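If you're matching them up, the sequences are chains A and B in order. Here the first sequence is numbered in my numbering, starting from 4 and rising by one per residue. Here the second sequence is numbered in my numbering, starting from 3 and rising by one per residue. Here a beta-carbon is modelled for each residue, glycine too, at the ideal position from N, C-alpha and C. From a predicted model like this one, the values you see are computed outputs, not experimental measurements. Here is the structure we will look at, set down as structure tokens.
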Amino acid sequence: MSTLSIDISCQFGGFLFSLKQDLKLKGITGIYGHSGSGKSTLLRIIAGLNNQATGTINFNDTVLLDTGLQDKKSLPDTNLNSKSKRGTQTFIQPQARNFSLVFQDNRLFPHLNVKENLVFAAKRCAHSKLKISEILKLTELELLAESSVTTLSGGEQQRVALARAILTEPKLLLLDEPLSALDQNSKNVLLKMLINIQKKLDLPMFYVSHSLDELQQIADNILVLSKGEVVDYGDIHQIIHKLNYADTDSDSNQLIMHQQTSLALPLKVNNNQPEENHGLNTLLLNDLQEIHFPAHLIKERSANKQFITTNALNEPVKLRFFILASDISLCLETTNNSSIVNHLHGVISKIDCSDNNVLITIDCAGQRFFANISSYSLDKLSLKVDQAIYMQFKASAVRTFIN
Amino acid sequence: MPTNPDLLALLTTMKMAGLTTLILLLIGTPLAWYLAKMENRFKVVIEAIVALPLVLPPTVLGFYLLLAFSPQSLPGQLWQQTTGQQLAFSFSAIVIGSVLYSLPFVVQPLQKAFEQLGDSLLEAGAVLGAGPIDRFFNIVLPLTKASFITAASLGFAHTVGEFGVVLMIGGNIPGETRVLSIALFDHVEAFNYAKAHLLAGSLLVGSMILLALIYLINFKPLRAVKS
């Protein structure tokens with residue numbers, strides 16, 4: 004597996020951007036932070052569009068950036084060393100890095116039509132394994148190939164930008180908040196397309212966003228930045244669960260996100276006839292327990308044959324979803340006389356109280372769930388760590404950002 | 003060579019203006035690019051120097067150029083040593099004078115166009131694998147085509163209409179430095195109003211046609227975008 008090793012610092016805004024991290028180039032890596040955290044700057048530095056950064060960036064064994072020793076104070080013999088180091092300075096120009104970047108604003112060439120924009124990229128690609136017609140199909144642009152790019156809608160323009168970036172056959176595709184200017188419907192279309200393309204072409208992506216909801220849907224790993232520093236890096240679900248405890252953002256003092264359980268679970272049956280089950284479909288949590296959810300969450304995806312059919316490796320199809328902690332209620336014993344369809348059995352592993360809001364972490368067959376209850380209920384049920392408990396939530400509490 | 007002195011003057015004028023425009027595009031484009039991307043305070047100094055011919059009386063520029071071109075001064079001497087010919091009162095002198103005098107008419111529209119274009123599409127080109135020269139010819143040039151046409155025609159037209167500088171450093175040598183505007187002046191001085199009318203009228207009509215052509219060329223892509 005390829006790795007991008009970054010060890011850089013860069014003056015940025017009012018603070019020093021300083022980052023040392025090895026990033027795995029596998030699947031989609033989310034880069035998360037609020038505005039001004041330096042996430043877009045990081046992407047520009049990786050792409051080679053920012054030449055202010057000092058330090059090193061290595062892509063496997065290829066040196067992309069090496070400005071020599073960063074900290075002059077640490078040098079015992081400044082003059083000699085800085086001179087000899089100057090000879091080893093490396094800055095690979097963006098056009099030679101073969102990392103493509105999809106910008107927030109599409110940046111299509113207005114003097115070229117859709118197809119000509121794609122040809123521009125394909126012509127400058129050394130390998131040309133991908134066919135333009137193939138990519139037009141993947142991005143659903145076949146009918147717009149001859150259109151002027153200025154007449155397209157925002158979502159269509161961003162799809163052209165994505166297609167154009169893919170056609171350079173990059174080793175790494177960088178995406179800088181590609182959805183931020185789009186409406187919800189266009190966001191859905193593009194997100195599904197990205198997941199689909201990532202799987203089909205096995206193209207590693209870095210996806211910058213300030214929306215955890217978006218990242219929850221597509222990222223495999225996530226890098227969390229704050230004020231130009233790495234806060235955390237790891238599996239998306241685990242990081243989201245960690246962020247449940249850091250309930251307020253230290254910078255803006257706002258809730259980062261709603262406390263939630265983030266999951267990706269396999270479908271029990273790949274059926275496309277959810278009507279038989281009263282509009283519900285089923286996910287497998289483990290051998291014994293199941294989660295029921297509204298079938299329309301996957302119905303649309305199977306309808307345009309994107310989500311279900313693209314799984315080339317014959318892995319079980321997984322649904323990524325989240326359950327808000329406020330949607331889960333706790334019960335000491337199970338009840339079958341309820342309209343609530345999901346009842347899971349678990350053990351309390353942590354109780355976190357802040358003010359009158361209590362966050363309970365429940366371990367359920369190796370999977371953690373998070374539930375919000377009031378301190379009144381905590382007292383009433385006299386809940387303790389290691390206590391067995393039943394969780395209840397409606398089928399409609401299973402949510403996805405894409406719908 | 004035409005025997006008619008006015009046709010000869012027309013030929014000299016076209017040669018001078020054509021060559022001047024070509025040189026101006028070659029040196030004006032990188033200069034305009036440099037100014038558009040420049041960020042430090044020397045930018046205003048260079049901008050002021052480029053804009054100087056707009057406000058300076060042409061005779062002032064001509065006077066200093068005449069001094070510089072004379073065999074007694076260093077530039078004139080260097081020219082004479084390398085080419086074996088005197089610089090002052092030669093065709094080369096009026097071309098150099100015209101280049102300096104028409105510089106702002108080429109540099110300013112180009113600089114404005116480059117500034118308006120910005121960096122965003124160039125960055126997009128770079129991440130798609132296009133190097134600097136590739137980016138210039140395939141992104142910058144097609145998108146600023148209209149400004150190049152404007153710059154070239156303004157430079158050409160302004161050079162055709164030049165009088166003071168040419169008179170100071172070129173004199174009035176037929177086939178060498180005698181251009182239309184000077185020929186016209188000669189006719190008026192000799193009270194030959196019929197010939198003066200012919201020259202003035204054709205310059206007027208010629209300039210009108212040239213400008214109309216520029217606007218026509220610039221108008222076309224706009225109409226295409228609308229439809």
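Less than 8 Å between the CB atoms is what I'm expecting for residue 152 (chain A) and residue 101 (chain A), so what's the real figure, rounded? Not a contact, Cβ separation roughly 24 Å.
Below 7 Å between beta carbons: does that hold for residue 198 (chain B) and residue 98 (chain A)? no
Going by the beta-carbon positions, is the gap between residue 71 (chain B) and residue 64 (chain B) smaller than 7 Å? no
Taking residue 165 (chain B) as the reference, which of B:186, B:93, B:191, B:48 has the closest Cα? B:186
Closer than 9 Å, Cβ to any Cβ of chain A: which residues of the stretch 126–154 of chain B, in chain order? 126, 127, 128, 129, 130, 131, 132, 133, 134, 136, 137, 140, 141, 144, 145, 147
What first and last residue would you give for the beta strand (DSSP E) that runs through residue 105 (chain B)? No beta strand (DSSP E) contains residue 105 (chain B), which is instead part of the alpha helix (DSSP H) from 93–119.
For the putative contact between residue 2 (chain A) and residue 28 (chain A), defined by C-beta atoms under 8 Å, what is the C-beta separation to the nearest angstrom? Outside the shown range of chain A, which is 4 to 406, sits residue 2 (chain A), and nothing can be said about it.
Can you tell me which of A:186, A:362, A:210, A:53 puts its alpha carbon nearest to the alpha carbon of residue 158 (chain A)? A:186
According to DSSP, residues forming a beta bridge with residue 402 (chain A): A:325
CB of residue 148 (chain A) within 7 Å of CB of residue 297 (chain A), strictly: no
Less than 7 Å between the C-beta atoms of residue 31 (chain B) and residue 181 (chain B), yes or no? no
Listing by chain order, which chain B residues have their CB less than 8 Å from the CB of residue 94 (chain A)? In chain order: nothing, as chain B lies at least about 13 Å away.
Tell me, please, whether the stretch 21–37 of chain B touches the stretch 103–110 of chain B by the rule of three or more beta-carbon pairs shorter than 8 Å. yes
Residue 4 (chain A), buried or exposed, once every other Cβ within 10 Å from all chains shown has been counted against 16: exposed
With residue 125 (chain A) as the anchor, note down where its alpha helix (DSSP H) starts and where it stops. 117–126
What's the C-alpha gap between residue 29 (chain B) and residue 36 (chain B)? 11 Å
Which same chain residues, not among the five before or five after residue 288 (chain A), have their C-beta less than 8 Å away from its C-beta? 268, 294, 347, 367, 368, 370
Would DSSP call residue 269 (chain A) helix, strand or coil? strand
Considering only C-alpha positions, which residue in the set A:67, A:55, A:324, A:109 is nearest to residue 93 (chain A)? A:67
Is there a Cβ from chain B that is less than 7 Å from the Cβ of residue 207 (chain A)? no
In the DSSP assignment, what residue or residues form a beta bridge with residue 82 (chain B)? Answer is none; residue 82 (chain B) lacks a bridge partner.
Please classify residue 330 (chain A) as buried or exposed, where buried requires at least 16 other C-beta atoms within 10 Å of its C-beta. buried
Taking buried to mean at least 16 other C-beta atoms within 10 Å of its own C-beta, is residue 217 (chain B) buried or exposed? exposed
So for residue 90 (chain B), helix, strand or coil by DSSP? coil
Own chain, CB closer than 7 Å to residue 248 (chain A), minus 5 neighbours either side, in chain order: 355
By DSSP, does residue 65 (chain B) sit in helix, in strand, or in coil? helix
Report yes if the C-beta distance between residue 176 (chain B) and residue 33 (chain B) is below 7 Å; otherwise report no. no
Run through chain A and tell me which residues come within less than 9 Å of residue 75 (chain B), C-beta to C-beta. Those within 9 Å of residue 75 (chain B) in chain A number zero; the least Cβ separation is about 43 Å.
So is residue 103 (chain A) in contact with chain B if we call contact Cβ pairs under 7 Å? yes
Sort A:13, A:103, A:37 by Cα distance to residue 59 (chain A) and report the nearest one. A:13
Taking residue 39 (chain B) as the reference, which of B:116, B:139, B:129, B:127 has the closest Cα? B:116
Same chain, Cβ closer than 6 Å to residue 235 (chain A), five either side skipped, listed in chain order: 227, 242
Is there at least one Cβ from chain A nearer than 7 Å to residue 100 (chain B)'s Cβ? no
How is the alpha helix (DSSP H) around residue 172 (chain B) delimited, first residue to last? 166–172
Those runs of the alpha helix (DSSP H) which lie wholly inside the stretch 159–230 of chain A and span at least 4 residues: 187–204, 215–221
Interface residues of chain B around residue 130 (chain A) at Cβ under 8 Å? Within chain B, no residue comes near residue 130 (chain A); the closest Cβ sits about 11 Å away, beyond 8 Å.
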